Amino acid sequence: MRALVVEDEPVLRAQVIEALRGEGFVIDETGDGIEGLHYATQMPIDIAVIDIGLPGIDGLELVRRARDAGITVPMLLLTARDGWQDKVEGLEAGADDYLAKPFHLPELIARLRALLRRAGGFAAATLRFGALQVDTRAQQVSVDGRTAALTAYEYRVIAYLAMHAGETISKATLLDHLYDESELRDPNVLEVFVKRLRQKLDPERTLNPIETLRGQGYRLALVRSDDKASPPPVEG
Amino acid sequence: MVLSAFVLLTGLAVSWSVHQRAEAAAQARLQGLVYGILGATDVDRDGTLSVRGGALPDRRLLSPATGLYARIVGNTGTMLWQSADSGLALPDTHYDPIGEWRFEQSVLADGRRARSLQLQSVWELDDGQELPFVVHVIDAVDATQDPLARFDRSLWAALSGAAVLLLILQWSVLRAALGPLRRLGRDIDAMTRGERDALDERLPDELRPLATSVNALRARERRRHVHARQLLDDLAHNLKTPLSVLSNLGIDTVSEQSVRMQAAIDRYLQRAAAGSSHATGPAIALAPIVGRVSESMRRLYPEHRVDIRNRVPATLLLRAPEADVYEVIGNLLDNACKHGAGAIEVRYDNATATLSIEDDGPGFGTGDPERWLVRGMRADRSVPGKGLGLAAVAELVDAWGGAVRLDHREPHGAICRLTLGQAVVDVPP
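Protein sequences appear in the order of chains W and X.
Counting with our numbering, you get residues 33 to 268 for the letters of the first sequence.
Counting with our numbering, you get residues 136 to 564 for the letters of the second sequence.
Structural data, given as structure tokens:
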């Protein structure tokens, strides 16, 4: 997932970025409101964390303009002014959630993940597709209750496909959402990840979780099941 | 009353003065008649007194029942002469020392007022004997013809009419003069109720400086209030970002201390807000605020499928700072969304000036719900969030002169009732 972080306090911005990268997010970052608007409208972000008090244009104006430009990704506002009148104004501007400063990074991560699930139409932290389950909180994938040993990038690929289940995701889009600007993007590496995912998740080739649409991209081929509790995954 | 007393005293003084002058004039006229009668009187050698009718000073003395009578009476009581008789009993003649005048007023048998003047005199005969006698003149006045009585009637009528006119004029002048003061008083009442922002300065020159000064003072106080709150907000803002950095350093002691600092900032900001939570601005409508906050709740909690029914009358106005009203409604609806089961109702009871927010969740548990008004208490620890919401609500509502009560809702759920007291501007029926 690709996250935009717009926070003018550099130390706090660095803390947020470090925490999000630790959760597997790819980051676009800036401390300026106008630059933040540019990222929001031009970059393929999945979610945005925006401070209200920004130079250039403030966070509320950034959200309004991004929404006016047709950007629908979830946006969470960071605010030191945590009065309800300010929160209402932020939500009316188009934000989806707010977090008052000072905040704990785990709470920020949890709220961002909840917003991403909500955007994907999921209510629970675990995305269920029959035998396949993706636990976005623990960042684990299990099949028939057995946890698959995935690398960080393998998890990112399957998690992104799961969040956009049923959609055809091009290689370019996957690369945009899984890699930083500074990282080398090689579509062939993506093919390797998908191949290894198929081997780890479906060694018997009975599940076929990932469908390749030649010339278009990849799609999670499994159907969503309900969000009722299922047995916890077992280390496989 | 002063005017009435003035009119009365003036009338009395004028009447008395005129009466005095009239009496003096009447006495002088009677004196002239006495002298005239004396001039028409003859006494022959043997002491027989006679009066020449043609020489009398007033011809009415020659006719009966004219109202003017005269007689000359000897000291032995002998009637020596009298004018034409009216058959009416006249006042008695008195005997005084020679040269003495006696003026009297009396009422005759027929009810007429009479003035009489008598002079004790003596006629010296040729042989040296003296003939003492009294010349007595009586002048009866018909009450309907009495000029003094007519004057009095006219005087009192004129004075009464003038007094009534003056009273009407005075009332009109006072009403016109006090009108701007009354309007000023009404404007001040409206400002107190939050219905006006400033006094109307279209006033007479004498009052305009007062209205201008009051408006300037109010504006200054409001700016000071806003400035102070802005400073508090800025202080909090400038502290909270560094606190965020400190709390995420991963150093336990630093995290703990930053949490304490944050709690202190929240606590004293809240108290400062409650302490300045008397409204100095116009009254604000509650229903739109409930609507906006409700919409925000639907955005924040889409998975809860909250159904918030806003039954607050559109005409309900509150005399309270807008930010504080948002704080109260926001905290209560946030609690209802987090802890309820989705159905929430906000309504207002005009009879008791009570706003209530009800949800259908698990409620406040067993025991007294009021314990959740204590700072730091949380009704449901499974739901993330600070526990200061209800305590802050209670402090703010208390600053408005109201109170918060928490109750269990039957069959399940929670009710939060706010009696708004003086914060409510009258709701039209």
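In this text, a Cβ means the ideal position worked out from N, Cα and C, and glycines have one as well.
Computed from a predicted model, the values in this text were never measured in an experiment.
Between X/V518 and X/D469, what straight-line distance do the alpha-carbon atoms span, to the nearest angstrom?
The residue labelled residue 518 of chain X in the question sits at position 383 within the second sequence. The residue labelled residue 469 of chain X in the question sits at position 334 within the second sequence. A caution first: X/V518 carries a pLDDT of 49, below 50, which makes its placement in the model too unreliable to give a value.
Where do the N-terminal and C-terminal ends of the alpha helix (DSSP H) with X/S198 fall, by residue?
In the second sequence, the residue the question calls residue 198 of chain X occupies position 63. That residue, X/S198, is in no alpha helix (DSSP H); it is neither H nor E in DSSP.
Suppose only complete runs of 4+ residues qualify. What are the alpha helix (DSSP H) ranges in the region 416-473 of chain X, listed by chain order?
Qualifying alpha helix (DSSP H) stretches, in chain order: 421-435.
Got a sec: which bits of the region 431-455 of chain X sit with their beta carbon under 7 Å from any beta carbon on chain W, in order along the chain?
Hits within the stretch, in order: S431, R434, L435, P437 and E438.
So the beta strand (DSSP E) W/V255 belongs to, where does it begin and stop?
Within the first sequence, residue 255 of chain W is the residue found at index 223, counting from 1. Looking at the DSSP string, W/V255 is not in any beta strand (DSSP E), and its letter there is neither H nor E.
Does chain X have any CB closer than 8 Å to the CB of W/D234?
Counting from one through the first sequence, the residue named residue 234 of chain W turns up at place 202. So no, W/D234 is outside the interface.
Step through the CB atoms of chain W and report whether any lies within less than 8 Å of the CB of X/V518.
Taking the second sequence and counting its residues from 1, the one referred to as residue 518 of chain X is at position 383. A caution first: X/V518 carries a pLDDT of 49, below 50, which makes its placement in the model unreliable, though a value can still be read off. Not an interface residue.
CB contact below 8 Å: W/K203 versus chain X
For the purposes of this step, residue 203 of chain W is identified with residue 171 of the first sequence, where counting begins at 1. No, W/K203 does not count as interfacial toward chain X.
Does the CB of X/L555 have a neighbour CB from chain W at under 8 Å?
Position 420 of the second sequence, counted from the start, is the residue given in the question as residue 555 of chain X. It does not; no Cβ of chain W falls within 8 Å.
At a Cβ threshold of 8 Å, is X/L531 touching chain W?
Against the second sequence, residue 531 of chain X aligns to sequence position 396. Interface flag for X/L531 against chain W is unset, since no Cβ pair is found closer than 8 Å.
Taking the alpha helix (DSSP H) that X/T145 belongs to, which residues open and close that run?
As a first step, residue 145 of chain X must be located in the second sequence, where it is residue number 10. Boundaries of the alpha helix (DSSP H) around X/T145: V137 to G174.
Among W/A151, W/G152 and W/Y187, which has the Cα closest to the Cα of W/V166?
Position 134 of the first sequence, counted from the start, is the residue given in the question as residue 166 of chain W. Answer by Cα proximity: W/Y187.
Using a Cβ-Cβ cut-off of 7 Å (strictly less than) and excluding sequence neighbours within five positions of X/T201, which residues of its own chain qualify?
Locating residue 201 of chain X in the second sequence gives position 66, counting from the first residue. Excluding residues within five positions, the ones whose Cβ falls inside 7 Å are R195.
Based on the DSSP secondary-structure assignment, which residues constitute the bridge partners of W/W116?
Position 84 of the first sequence, counted from the first residue, corresponds to residue 116 of chain W. Answer is none; W/W116 lacks a bridge partner.
CB contact check: X/L378 to chain W, cutoff 8 Å
Counted from its first residue, the second sequence places residue 378 of chain X at position 243. For X/L378, the answer is yes, since a Cβ of chain W falls inside 8 Å of its Cβ.
Give the secondary structure of W/E61 by DSSP, where H, G and I count as helix, E and B as strand, and everything else as coil.
Working through the first sequence from its first residue, we reach residue 61 of chain W at position 29. Collapsing the DSSP output to three states places W/E61 in a strand.
Would you kindly report the start and end of the unbroken beta strand (DSSP E) that includes X/H362?
Taking the first residue of the second sequence as position 1, residue 362 of chain X is located at position 227. Segment R343 to S382 is the alpha helix (DSSP H) holding X/H362; no beta strand (DSSP E) there.
Closest Cβ-Cβ distance between W/L44 and chain X: below 8 Å?
For the purposes of this step, residue 44 of chain W is identified with residue 12 of the first sequence, where counting begins at 1. The beta carbon of W/L44 falls within 8 Å of a beta carbon belonging to chain X, placing the residue at that interface.
Burial state of W/L44, where buried means 16 or more other Cβ atoms lie within 10 Å
Within the first sequence, the letter at position 12 stands for residue 44 of chain W. W/L44 comes out buried.
Within chain W, the residues that X/D368 reaches when beta carbons sit closer than 8 Å:
What you label residue 368 of chain X is simply residue 233 of the second sequence in a count that begins at 1. Proximity of chain W to X/D368 at the Cβ level (cut-off 8 Å) is accounted for by R113, in chain order.
Could you work out which residue in W/Y250, W/F135 and W/I77 is closest to W/K203 when comparing CA atoms only?
Within the first sequence, numbered from 1, the residue matching residue 203 of chain W stands at position 171. The shortest CA-to-CA distance from W/K203 to any of W/Y250, W/F135 and W/I77 is the one to W/Y250.
Buried or exposed, going by whether 16 or more other CB atoms sit within 10 Å of the CB of X/A244?
As a first step, residue 244 of chain X is located in the second sequence; it is residue number 109 there, counting from the start. Its Cβ having fewer than 16 others within 10 Å, X/A244 is exposed.
Cβ-based burial, X/N383 [other Cβ within 10 Å; buried from 16]
The residue given as residue 383 of chain X occupies position 248 in the second sequence. Counting Cβ neighbours within 10 Å, X/N383 comes out buried, since at least 16 surround it.
Can a CB atom of chain W be found closer than 8 Å to the CB of X/R427?
Taking the first residue of the second sequence as position 1, residue 427 of chain X is located at position 292. Yes, contact with chain W.
Suppose the cutoff is 8 Å on Cβ atoms and the five residues either side in sequence are ignored; what does the same chain contact list for X/V447 look like?
Residue mapping note: residue 447 of chain X aligns to position 312 of the second sequence, counting from 1. Within the same chain, X/V447 has close Cβ partners L421, A422, V425, V481, R482, Y483 and L490.
As assigned by DSSP and simplified to three states, the class of W/V105
Indexing the first sequence from 1 puts residue 105 of chain W at position 73. For W/V105, the secondary structure class from DSSP, reduced to helix, strand or coil, is coil.
From the DSSP output, read off the bridge partner residues of X/V269.
Along the second sequence, one-based indexing puts residue 269 of chain X at 134. BP columns for X/V269 point to X/V208 and X/Q255.
Beta-carbon separation of W/A72 and W/I49 under 8 Å?
Position 40 of the first sequence, counting from 1, holds the residue named residue 72 of chain W. Position 17 of the first sequence, counting from 1, holds the residue named residue 49 of chain W. Cβ atoms of W/A72 and W/I49: not closer than 8 Å.
Assess, as a yes-or-no matter, whether the region 391-400 of chain X is touched by the region 428-437 of chain X under the definition of 3 or more beta carbon pairs within less than 8 Å.
No: the two stretches stay apart, fewer than three of their Cβ pairs being nearer than 8 Å.
Here's the rule I'm using: 16 or more other beta-carbon atoms within 10 Å means buried, otherwise exposed. How should W/R237 be labelled?
Within the first sequence, the letter at position 205 stands for residue 237 of chain W. With fewer than 16 Cβ atoms within 10 Å of its Cβ, W/R237 is classed as exposed.
X/V528 and X/V463 - do their beta-carbons sit closer together than 8 Å?
By one-based count along the second sequence, residue 463 of chain X stands at place 328. By one-based count along the second sequence, residue 528 of chain X stands at place 393. Against a cut-off of 8 Å, the Cβ pair of X/V528 and X/V463 comes out as a contact.
Short CB-CB distance (under 8 Å) between X/N383 and chain W:
Against the second sequence, residue 383 of chain X aligns to sequence position 248. So yes, X/N383 belongs to the interface.
Kindly list, in the order they appear in chain X, the residues whose Cβ is closer than 9 Å to that of W/V120.
Counting from 1 along the first sequence, the entry for residue 120 of chain W is found at position 88. Simply I424, R427, V428, E430, S431, Y461 and G465.
How many Å lie between W/L123 and X/P315 at the Cα?
Position 91 of the first sequence, counted from the first residue, corresponds to residue 123 of chain W. Position 180 of the second sequence, counted from the first residue, corresponds to residue 315 of chain X. Spanning the two alpha carbons is a distance of roughly 48 Å.
According to the neighbour-count rule (16 or more other Cβ atoms, all chains shown, within 10 Å of its Cβ), is X/P232 buried or exposed?
Mapped onto the second sequence, residue 232 of chain X falls at position 97. The residue is exposed, with fewer than 16 neighbouring Cβ atoms inside 10 Å.
How is the beta strand (DSSP E) around W/E243 delimited, first residue to last?
The sequence position of residue 243 of chain W within the first sequence is 211, counting from 1. If you look at W/E243, you'll find it in the beta strand (DSSP E) that goes I242 to L245.
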